[in-house]
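Novice:
Number of protein chains: 2
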Amino acid sequence: MKKQFAAAVDVGGTNTKFGWVDNSGQLYGSGSVKTGEFSRAEDLITRVHKELQNLINFDQSGICGIGVGAPNANYHTGCIHYAPNLDFAKSIVPFASIFTEVSGLKCKITNDANAAAIGEKIYGKAQGMNDFMVVTLGTGLGSGIYTGGQVLYGSDGMAGEMGHTCLIPGGRKCGCGRLGCIERYVSIGGLTTTFLETTEGQKGELRPRQIQALAEEGDKHAIQTYKITGEYLGLHLSSMAALFSPEAIFLSGGLAQSGEVLLSPMRRAFEDNLLSHHKGKIKIELSGLEKQKTALLGAAALAFSSFSV
Amino acid sequence: MKKQFAAAVDVGGTNTKFGWVDNSGQLYGSGSVKTGEFSRAEDLITRVHKELQNLINFDQSGICGIGVGAPNANYHTGCIHYAPNLDFAKSIVPFASIFTEVSGLKCKITNDANAAAIGEKIYGKAQGMNDFMVVTLGTGLGSGIYTGGQVLYGSDGMAGEMGHTCLIPGGRKCGCGRLGCIERYVSIGGLTTTFLETTEGQKGELRPRQIQALAEEGDKHAIQTYKITGEYLGLHLSSMAALFSPEAIFLSGGLAQSGEVLLSPMRRAFEDNLLSHHKGKIKIELSGLEKQKTALLGAAALAFSSFSV
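Protein chains in written order, with this note's numbering: chain A, 1 to 309; chain B, 310 to 618.
#1: With 8 Å as the limit, tell me which residues of the stretch 133-158 of chain A have their beta carbon closer than that to any beta carbon of chain B; keep them in chain order.
#2: Compare the beta carbon distance of Asn-130 of chain A and Gly-160 of chain A with 9 Å and say whether it is the shorter of the two.
#3: Give every residue of the same chain whose Cβ lies closer than 8 Å to the Cβ of Ser-573 of chain B, excluding the five residues on either side of it in the sequence, and list them in chain order.
#4: Step through the CB atoms of chain B and report whether any lies within less than 9 Å of the CB of Gly-288 of chain A.
#5: Taking the alpha-carbon positions, what's the Thr-318 of chain A to Glu-120 of chain A distance?
#6: To the nearest whole angstrom, what separates the beta carbons of Ser-239 of chain A and Cys-475 of chain B, a pair I think is in contact under 8 Å?
#7: With 7 Å as the limit, tell me which residues of the stretch 241-263 of chain A have their beta carbon closer than that to any beta carbon of chain B; keep them in chain order.
#8: Helix, strand or coil for Asp-331 of chain B? Go by DSSP, reduced to three states.
#9: Which word fits His-385 of chain B, buried or exposed, when buried means at least 16 other C-beta atoms lie within 10 angstroms of its C-beta?
#10: Report the CB separation of Val-495 of chain B from Leu-560 of chain B in whole angstroms; it is logged as a contact under 8 Å.
#11: Strictly below 9 Å CB to CB, what residues from chain A border Leu-584 of chain B?
#12: Thinking C-beta only, is Lys-34 of chain A closer than 9 Å to Thr-16 of chain A?
#13: Considering just the uninterrupted stretch of the beta strand (DSSP E) at Phe-88 of chain A, what are its terminal residues?
#14: Applying the 10 Å Cβ sphere with the 16-neighbour rule, what's the burial state of Thr-507 of chain B?
#15: Strictly below 9 Å CB to CB, what residues from chain B border Asn-111 of chain A?
#16: If you follow the beta strand (DSSP E) that Ile-282 of chain A is in, where does it begin and where does it stop?
#17: Rank B:Gly-413, B:Ala-398, B:Ala-524, B:Ile-431 by C-alpha distance to the C-alpha of Asp-331 of chain B and give the top, closest one.
#18: Using the DSSP secondary-structure output, state which residues sit across from Asp-10 of chain A in a beta bridge.
#19: Run through chain B and tell me which residues come within less than 8 Å of Leu-235 of chain A, C-beta to C-beta.
#20: Got a sec: is the Cβ-Cβ distance from Met-266 of chain A to anything in chain B below 9 Å?
#21: Have a look at B:Phe-579, B:Glu-594, B:Gly-563, B:Phe-504 and flag the residue whose alpha-carbon is nearest the alpha-carbon of Leu-179 of chain A.
#22: With a threshold of 16 other CB atoms inside 10 Å of the CB of Met-310 of chain B, please say whether the residue is buried or exposed.
#23: Compute the distance between the beta-carbons of Ala-8 of chain A and Val-93 of chain A, then report whether it is under 9 Å.
#24: What's the gap between the Cα of Gly-387 of chain B and the Cα of Glu-351 of chain B?
#25: May I ask which residues mark the beginning and end of the alpha helix (DSSP H) holding Tyr-432 of chain B?
#26: List, in chain order, every chain B residue whose beta-carbon is nearer than 8 Å to that of Asn-130 of chain A.
#27: Cα separation between Leu-564 of chain B and Ile-118 of chain A?
#28: Would you verify that the beta carbon of His-530 of chain B is, or is not, closer than 9 Å to some beta carbon of chain A?
#29: Note the first and the last residue of the continuous beta strand (DSSP E) segment covering Phe-95 of chain A.
#30: Can you name, in chain order, every residue of its own chain whose Cβ lies under 6 Å from the Cβ of Gly-371 of chain B, other than the five neighbours on each side?
#31: What does Ser-548 of chain B touch in chain A if you count any residue whose Cβ is under 8 Å from its own?
#32: Under 7 Å, CB to CB, which of the residues in the stretch 44-72 of chain A have a partner in chain B?
#33: Under three-state DSSP, which class holds Leu-296 of chain A?
#34: Below 8 Å on the Cβ atoms is my contact criterion, and I expect Ala-126 of chain A with Ala-248 of chain A to pass it. Report the Cβ-Cβ distance as a whole number of Å.
#35: So is Gln-292 of chain A buried or exposed if we call it buried at 16+ other beta carbons inside 10 Å?
#36: For the beta strand (DSSP E) that Ser-39 of chain A lies in, which residues bound it at each end?
This is how it looks when you write it as structure tokens:
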């Protein structure tokens with residue numbers, strides 16, 4: 001296999017990370033800038049491109065393009081659409097086109113969860129799989145879904161938003177304006193809300209790490225909070241299994257690292273609620289990508305899967 | 310376009326219907342037998358094949374194969390898996406293989422809702438669409454889903470079961486053994502249950518047609534029953550829209566013919582619950598296929614899409 005390189009960029013609400021990755025998944029230098037320092041996409045891109053140039057310590061002839069993971073990114077149009085956490089994307093920003101203009105390189109963009117799924121397929125545990133999901137559990141709940149060997153983009157490039165499917169009709173108010181989205185229950189914010197409800201506010205508003213520490217000490221409210229969260233996730237993933245018949249579901253993101261206090265009730269609820277022909281057949285596992293590298297490997301995998309020769 | 314013919318078979322719990330269809334969607338003779346009279350798939354197939362032979366009144370050289378729609382049918386394996394309403398399929402029955410053996414013709418099988426979706430794409434309103442859903446509202450709730458121009462079959466050929474995704478955690482007991490499946494709320498049985506709940510049983514257990522007649526007379530309980538049912542459907546379809554970003558959703562089956570008493574609250578709940586970038590962009594319409602012919606056209610379309618030269 002001829003060695004090729006892709007620039008990988010992960011645009012987040014706080015930091016924009018970047019680096020060079022080769023087609024075996026090796027990372028060649030990386031860095032980050034504060035996203036909030038840039039009010040225009042052009043300025044962020046120009047700075048990231050300059051930093052990327054400084055990191056090149058390999059044969060430039062092998063560069064195949066740029067892959068970007070970003071919230072609310074549209075694979076079909078190359079634009080970021082109204083991302084609430086990105087100052088520079090309060091309207092529709094043609095991020096991929098600008099990056100190509102600045103760098104002279106081809107650029108593809110997709111949302112961060114899709115990038116994580118592409119990374120899982122190219123470098124992780126989903127190699128050889130055609131039907132699987134990656135669910136990212138962090139500030140929000142994202143999902144990247146493969147069906148029949150292809151990323152599910154839908155008619156407009158924005159499909160695969162499991163985080164905004166309804167778990168509880170009339171339930172908690174979501175940032176998207178609707179009620180009861182699973183993201184409001186199974187995410188870092190969801191966990192803290194459930195803890196507040198479980199304790200009736202008597203222990204204050206704790207951060208997930210504090211709730212996890214309490215659970216490890218045997219605190220019954222903390223354990224109950226993880227149990228409720230895990231059961232919601234397991235139940236909802238069983239509905240996803242009825243829709244997608246995946247070979248496996250991979251979890252990534254900070255909340256996925258909570259351990260058995262979350263995963264054990266999740267697996268039980270999942271198995272209990274699978275259709276009979278699926279029982280015992282669909283694996284749920286943690287992502288095979290190193291946590292710190294998932295986003296960049298995913299973005300690079302997007303570039304390789306789009307531009308590799 | 311060279312004229313070709315497919316045998317179309319629709320296996321239902323009560324009747325098995327069959328006929329010949331050409332590639333323009335014209336039906337050349339049809340018939341039906343009582344499914345319950347046959348305790349073995351071989352006997353049903355032999356009988357249907359004989360009846361189909363008797364119906365041939367065209368040039369046999371144009372026959373390309375057989376398409377079958379059936380509950381719990383697996384496209385990948387050609388088998389019907391444990392269909393509760395089919396006496397001959399209490400285990401795994403290799404329906405397509407048996408049909409090929411008996412007839413000498415190639416045979417493909419899929420579940421009835423997938424067949425309806427293929428029919429919609431080839432003969433109905435989904436021509437030219439790559440991302441859409443067909444939802445069949447009858448005794449149960451079935452769905453056939455196209456993503457990226459392909460039917461969603463998943464890793465095991467059994468994907469696309471929207472009917473068994475959870476609407477209300479811990480809700481009504483479903484025939485599949487789980488709680489809260491949307492099929493228990495949005496289907497003929499679901500409507501009658503909701504009417505019982507709405508009237509607190511004071512008007513007895515009425516059939517959908519009686520409930521519809523009451524609604525047309527302005528009965529507030531009957532109207533409320535359709536409103537609840539429509540709102541459940543609209544809410545759940547908005548979650549499907551977040552997942553699949555379809556161009557359109559088509560409704561078929563008896564309950565879909567209820568008119569505005571169902572469709573108007575459904576559309577309102579759907580629009581209210583769409584993600585902002587989808588609002589006003591995803592059509593929900595009745596199927597473009599004639600109600601009586603949907604199943605046979607779908608089965609024929611499966612054959613043409615699999616075998617047509």
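Quick reminder that beta carbons are idealized off the backbone N, C-alpha and C, glycines included.
Specialist: This is what the structure gives:
#1: Cβ contacts with chain B: Ile-145, Thr-147, Gly-148, Gln-150, Leu-152, Tyr-153, Gly-154, Ser-155, Asp-156, Gly-157, Met-158.
#2: Here residue 130 of chain A is taken as the residue at index 130 of the first sequence, counted from 1. Here residue 160 of chain A is taken as the residue at index 160 of the first sequence, counted from 1. In this structure, Asn-130 of chain A lies away from Gly-160 of chain A, with their beta-carbon atoms at least 9 Å apart.
#3: Sequence index remark: in the second sequence, residue 573 of chain B carries index 264 (1-based). Setting aside the 5 residues that flank it on each side, Ser-573 of chain B is surrounded in the same chain by Gly-539, each with a C-beta closer than 8 Å to its C-beta; the list follows chain order.
#4: In the first sequence, counting from the first residue as 1, residue 288 of chain A sits at position 288. False, the Cβ-Cβ gap to chain B never drops below 9 Å.
#5: Outside the displayed span of chain A (1 to 309) sits residue 318 of chain A, for which this structure offers no information.
#6: As a first step, residue 239 of chain A is located in the first sequence; it is residue number 239 there, counting from the start. As a first step, residue 475 of chain B is located in the second sequence; it is residue number 166 there, counting from the start. Correct: roughly 5 Å between the Cβ atoms.
#7: The residues in question are Ala-242, Leu-243, Phe-244, Ser-245, Pro-246, Glu-247.
#8: Along the second sequence, read from residue 1 onward, the residue named residue 331 of chain B stands at position 22. DSSP places Asp-331 of chain B in strand when its eight states are reduced to three.
#9: The residue you call residue 385 of chain B lines up with position 76 of the second sequence. Taking all protein chains in view, the Cβ of His-385 of chain B is surrounded by fewer than 16 other Cβ atoms within 10 Å, so the residue is classified as exposed.
#10: As a position in the second sequence, residue 495 of chain B is number 186, starting the count at 1. As a position in the second sequence, residue 560 of chain B is number 251, starting the count at 1. Contact annotation, Val-495 of chain B with Leu-560 of chain B: C-beta distance approximately 10 Å; criterion of less than 8 Å not satisfied.
#11: Here residue 584 of chain B is taken as the residue at index 275 of the second sequence, counted from 1. Residues of chain A passing the Cβ test: Met-158, Glu-161, His-164, Cys-176, Gly-177, Arg-178.
#12: For the purposes of this step, residue 16 of chain A is taken as the residue at position 16 of the first sequence. For the purposes of this step, residue 34 of chain A is taken as the residue at position 34 of the first sequence. Result yes, Cβ atoms of Thr-16 of chain A and Lys-34 of chain A sit closer than 9 Å.
#13: Translated into the one-based positions of the first sequence, residue 88 of chain A becomes position 88. Neither: Phe-88 of chain A is in no beta strand (DSSP E) and is coded neither H nor E.
#14: Here residue 507 of chain B corresponds to residue number 198 of the second sequence, with the count starting at 1. It is buried - the Cβ of Thr-507 of chain B has at least 16 other Cβ atoms within 10 Å.
#15: The residue you call residue 111 of chain A lines up with position 111 of the first sequence. Ordered by position in chain B, no residue passes the 9 Å Cβ test against Asn-111 of chain A, which lies about 12 Å from the chain.
#16: Walking along the first sequence from the start, residue 282 of chain A turns up at place 282. Per DSSP, Ile-282 of chain A belongs to no beta strand (DSSP E) and is neither H nor E.
#17: Taking the first residue of the second sequence as position 1, residue 331 of chain B is located at position 22. For the residues B:Gly-413, B:Ala-398, B:Ala-524, B:Ile-431, the minimum Cα distance to Asp-331 of chain B belongs to B:Ile-431.
#18: For the purposes of this step, residue 10 of chain A is identified with residue 10 of the first sequence, where counting begins at 1. Looking at the DSSP assignment, Asp-10 of chain A forms a beta bridge with A:Lys-17, A:Gly-69.
#19: Here residue 235 of chain A refers to the residue found at position 235 when the first sequence is read from its first residue. Those are Cys-475, Pro-478, listed as they occur along chain B.
#20: Stepping through the first sequence from its first residue, residue 266 of chain A is reached at position 266. Chain B contact via Cβ: absent.
#21: As a working note, residue 179 of chain A is residue 179 in the first sequence. Comparing Cα positions, the closest option is B:Phe-579.
#22: Residue mapping note: residue 310 of chain B aligns to position 1 of the second sequence, counting from 1. Exposed is the call here.
#23: Looking up residue 8 of chain A in the first sequence gives position 8. Looking up residue 93 of chain A in the first sequence gives position 93. Cβ distance not < 9 Å, so Ala-8 of chain A and Val-93 of chain A don't count as in contact.
#24: Taking the second sequence and counting its residues from 1, the one referred to as residue 387 of chain B is at position 78. Taking the second sequence and counting its residues from 1, the one referred to as residue 351 of chain B is at position 42. Rounded to whole angstroms, the separation of the alpha carbons of Glu-351 of chain B and Gly-387 of chain B is 14 Å.
#25: Along the second sequence, read from residue 1 onward, the residue named residue 432 of chain B stands at position 123. Unbroken alpha helix (DSSP H) run through Tyr-432 of chain B: 421-432.
#26: Position 130 of the first sequence, counted from the first residue, corresponds to residue 130 of chain A. Contacts between Asn-130 of chain A and chain B, judged by CB atoms closer than 8 Å, involve Ser-464 in chain order.
#27: Counting from 1 along the second sequence, the entry for residue 564 of chain B is found at position 255. Counting from 1 along the first sequence, the entry for residue 118 of chain A is found at position 118. Looking at the two C-alpha atoms, the distance is approximately 40 Å.
#28: For the purposes of this step, residue 530 of chain B is taken as residue 221 along the second sequence, with counting starting at 1. No, His-530 of chain B does not count as interfacial toward chain A.
#29: For the purposes of this step, residue 95 of chain A is taken as the residue at position 95 of the first sequence. Going by DSSP, Phe-95 of chain A is part of no beta strand (DSSP E) but of the alpha helix (DSSP H) stretching over 95-103.
#30: By one-based count along the second sequence, residue 371 of chain B stands at place 62. Excluding sequence neighbours, Gly-371 of chain B sits near Lys-312, Gln-313, Phe-314.
#31: Taking the second sequence and counting its residues from 1, the one referred to as residue 548 of chain B is at position 239. In chain order: His-164, Thr-165, Cys-166.
#32: Answer in chain order: no residues at all.
#33: Counting from one through the first sequence, the residue named residue 296 of chain A turns up at place 296. Helix at Leu-296 of chain A.
#34: Walking along the first sequence from the start, residue 126 of chain A turns up at place 126. Walking along the first sequence from the start, residue 248 of chain A turns up at place 248. Cβ-Cβ separation between Ala-126 of chain A and Ala-248 of chain A: approximately 7 Å, consistent with a contact (criterion under 8 Å).
#35: For the purposes of this step, residue 292 of chain A is taken as residue 292 along the first sequence, with counting starting at 1. Result: exposed.
#36: Counted from its first residue, the first sequence places residue 39 of chain A at position 39. Counting along the chain, Ser-39 of chain A sits inside no beta strand (DSSP E), nor does DSSP assign it H or E at all.
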